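Below is one structure, written out as structure tokens; comments come after it.
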Amino acid sequence: MRPHVDQRQAQVLALVRARGSVRVAELAQELGVSPVTLRRDIEAMAARGEIQRMHGVISRVEAGSAPAAGRAGAGEAGASASAAAGPGYAAGGGEGLVIGMVVPTTEYYYADVVRGARAAVEARGARLTVGLTRYLPGEDRTQADRLLSTGAHGLLLTPNWEAGSPGPGEGGWTVELPVPTVLVERWAPPGHPAAALDRVASDHAHGAARAVQHLVGLGHRRIALASRTTPTTARLRAGYEAAVAALGLESAPPWPPAGPGPLSDADAFARTLEYLCDAVTAGGVTAALIHSDTDAIMLIPRLQARGVRVPEDLAVITYDDEVAGMADVPLSAVAPAKREVGTRAAELLLDRLLDQRSGKNPQDSPRQHLELLPRLTIRT
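In terms of our numbering, the sequence shown opens at residue -19 and continues consecutively.
Listed below in structure tokens is the structure:
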């Protein structure tokens, strides 16, 4: 360790022992160091058992007490941290809190979700750390455990549930986590343990239904849904089928059987292309909702090469609106409120943590299931 680091940590230890407890933000200002540098010192000192840290406050280790693990729990520990910080601390935002976020990726759809969460977390003086799963089986729990081990006080969690909701016997671990947890863009059915968690998600069923309604307004009566299997697909199909029934539309041809075993991406794409070609040429389909934008942009020239003109023979609305506006002919699209999902989820989690910090009983505030409605953007 470099000498000036030794000297700085010795100074921190002397101040903590003299005062009993010190707020991290005030200590950083007093020592003239950045909060990031001071947090590194505090983590090292806490690991050695020299100090205790709780929600933005560090305190001396009393004789006979065990050092804190970097995370205060609900109730007594959270209340003691607030008391040490002085009057008004519980209402002073999220300074010192660390929010862990587990997502499949920080690209494409989740880029905006993470941006929204980060902006909300930093606006409250807290810090966001991210774990990526790349949709690997079991990796969501591994990443959650890793973030907790590095000091996360709460979790924003997007588990790798293929249907967007847990299958039988799946996902029970999410309710056993030792910190407040909010599901992001995931659902749990009534009766499943995870249904008791807070959650914030896009109402994809509403988005699909809104697309069908718009196409009906343009005169289409037989509309198809083309979506490869993703965590969003089940909700899209539920909304699509509900709208078809409610509006009295003619049913589109059913998807052909997939056959044994999972399909490769190339095979799934080819199957979608074949389905749409047959649906237009033999099934009377004149419009389609295609998930996602990238699939639609790749499908359209292939459809046209097979004699299916877009939009003359097949009107298209895409789902996600990531790149639909950048197609050679800009495409109308349904846009989930991705950034707002991240923002609202982070704010909900921070509110839970601040309630915990102030010593409130978690049972006093009911859990929340928030669904944000996607927006339909028409491009002509």
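Beta carbons: idealized from backbone N, C-alpha and C, even for Gly.
Note that the structure is predicted; figures quoted are calculated from it, not measured.
message: Would residue 273 and residue 252 qualify as a contact pair, given that the criterion is a beta-carbon distance under 7 Å?
response: Taking the first residue of the sequence shown as position 1, residue 273 is located at position 293. Taking the first residue of the sequence shown as position 1, residue 252 is located at position 272. No, Cβ-Cβ distance for residue 273 and residue 252 is not below 7 Å.
Inter-residue CB distance, residue 139 and residue 122 (contact presumed, cutoff 8 Å): As a working note, residue 139 is residue 159 in the sequence shown. As a working note, residue 122 is residue 142 in the sequence shown. The Cβ separation is near 12 Å, so there is no contact.
- request: Classify residue 184 as helix, strand or coil using the three-state DSSP reduction.
  value: The residue labelled residue 184 in the question sits at position 204 within the sequence shown. Note: residue 184 maps to helix in three-state DSSP.
- prompt: Can the beta-carbon of residue 96 be found closer than 7 Å to that of residue 305?
  reply: As a working mapping, residue 96 is identified with position 116 in the sequence shown. As a working mapping, residue 305 is identified with position 325 in the sequence shown. The answer is no: Cβ separation not under 7 Å.
field: For residue 221 and residue 183, the rounded distance between their alpha carbons
entry: Numbered from its first residue, the sequence shown carries residue 183 at position 203. Numbered from its first residue, the sequence shown carries residue 221 at position 241. Taking the CA atoms as reference points, residue 183 sits about 15 Å from residue 221.
query: What's the gap between the Cα of residue 254 and the Cα of residue 206?
result: For the purposes of this step, residue 254 is taken as the residue at position 274 of the sequence shown. For the purposes of this step, residue 206 is taken as the residue at position 226 of the sequence shown. Inter-residue distance for residue 254 and residue 206 is about 11 Å (C-alpha atoms, whole angstroms).
task: In angstroms with no decimal places, state the Cα-to-Cα distance between residue -6 and residue -13.
output: Here residue -6 corresponds to residue number 14 of the sequence shown, with the count starting at 1. Here residue -13 corresponds to residue number 7 of the sequence shown, with the count starting at 1. For residue -6 and residue -13, the gap between their C-alpha atoms comes out near 11 Å.
message: If the criterion is Cβ atoms closer than 7 Å, does the pair residue 291 and residue 263 meet it?
response: What you label residue 291 is simply residue 311 of the sequence shown in a count that begins at 1. What you label residue 263 is simply residue 283 of the sequence shown in a count that begins at 1. Remark: C-beta atoms of residue 291 and residue 263 do not approach each other more closely than 7 Å.
task: Determine the extent of the alpha helix (DSSP H) in which residue 252 is found, giving its start and end residues.
output: The residue given as residue 252 occupies position 272 in the sequence shown. Counted as a single uninterrupted DSSP element, the alpha helix (DSSP H) harbouring residue 252 occupies residues 245 to 261.
field: First and last residue of the uninterrupted alpha helix (DSSP H) at residue 204
entry: For the purposes of this step, residue 204 is taken as residue 224 along the sequence shown, with counting starting at 1. Taken as a continuous stretch (DSSP letters only), residue 204 belongs to no alpha helix (DSSP H), being part of the beta strand (DSSP E) at 203 to 207.
query: Exposed or buried, which one is residue 343 when buried takes at least 16 other CB atoms within 10 Å?
result: Position 363 of the sequence shown, counted from the first residue, corresponds to residue 343. The residue is exposed, with fewer than 16 neighbouring Cβ atoms inside 10 Å.
message: I need the straight-line Cα distance from residue 204 to residue 301, nearest angstrom please.
response: Stepping through the sequence shown from its first residue, residue 204 is reached at position 224. Stepping through the sequence shown from its first residue, residue 301 is reached at position 321. About 18 Å.
- prompt: Taking three-plus beta-carbon pairs below 8 Å as touching, is the segment 327 to 336 in contact with the segment 163 to 177?
  reply: As far as the Cβ criterion goes, the segment 327 to 336 does not touch the segment 163 to 177, which means the pair count is below three.
- request: Since I believe residue 288 is in contact with residue 311 (beta carbons under 8 Å), could you give me their beta-carbon distance rounded to a whole number of angstroms?
  value: Translated into the one-based positions of the sequence shown, residue 311 becomes position 331. Translated into the one-based positions of the sequence shown, residue 288 becomes position 308. About 15 Å separates the CB atoms of residue 311 and residue 288; that is not less than 8 Å, and the two are not in contact.
task: With DSSP collapsed to three states, give me the class of residue 178.
output: The sequence position of residue 178 within the sequence shown is 198, counting from 1. If DSSP states are grouped into helix, strand and coil, residue 178 belongs with the strands.
- request: Give me whichever residues DSSP pairs with residue 299 in a beta bridge.
  value: Numbered from 1 along the sequence shown, position 319 holds the residue referred to as residue 299. Bridge partners of residue 299: 271, 314.
task: Would you mind stating whether residue 149 and residue 188 have Cβ atoms separated by less than 7 Å?
output: Your numbering for residue 149 matches position 169 in the sequence shown. Your numbering for residue 188 matches position 208 in the sequence shown. No; because the gap between Cβ atoms is not below 7 Å, this pair is not in contact.
query: Among all the DSSP beta bridges, which residues are the ones paired with residue 40?
result: Counted from its first residue, the sequence shown places residue 40 at position 60. Residue 40 is bridged by DSSP to 31.
- prompt: Can you tell me where the alpha helix (DSSP H) with residue 114 in it begins and where it stops?
  reply: As a first step, residue 114 is located in the sequence shown; it is residue number 134 there, counting from the start. It is not in any alpha helix (DSSP H) - residue 114 carries neither H nor E in the DSSP assignment.
- prompt: How should residue 226 be labelled, buried or exposed, when 16 other C-beta atoms within 10 angstroms of its C-beta is the threshold for buried?
  reply: Locating residue 226 in the sequence shown gives position 246, counting from the first residue. With fewer than 16 other beta carbons inside 10 angstroms of its own, residue 226 counts as exposed.
task: Excluding the 5 residues preceding and the 5 following residue 98 in the sequence, name in chain order all residues of the same chain whose CB lies nearer than 7 Å to its CB.
output: Counting from 1 along the sequence shown, the entry for residue 98 is found at position 118. Hits under 7 Å: 108.
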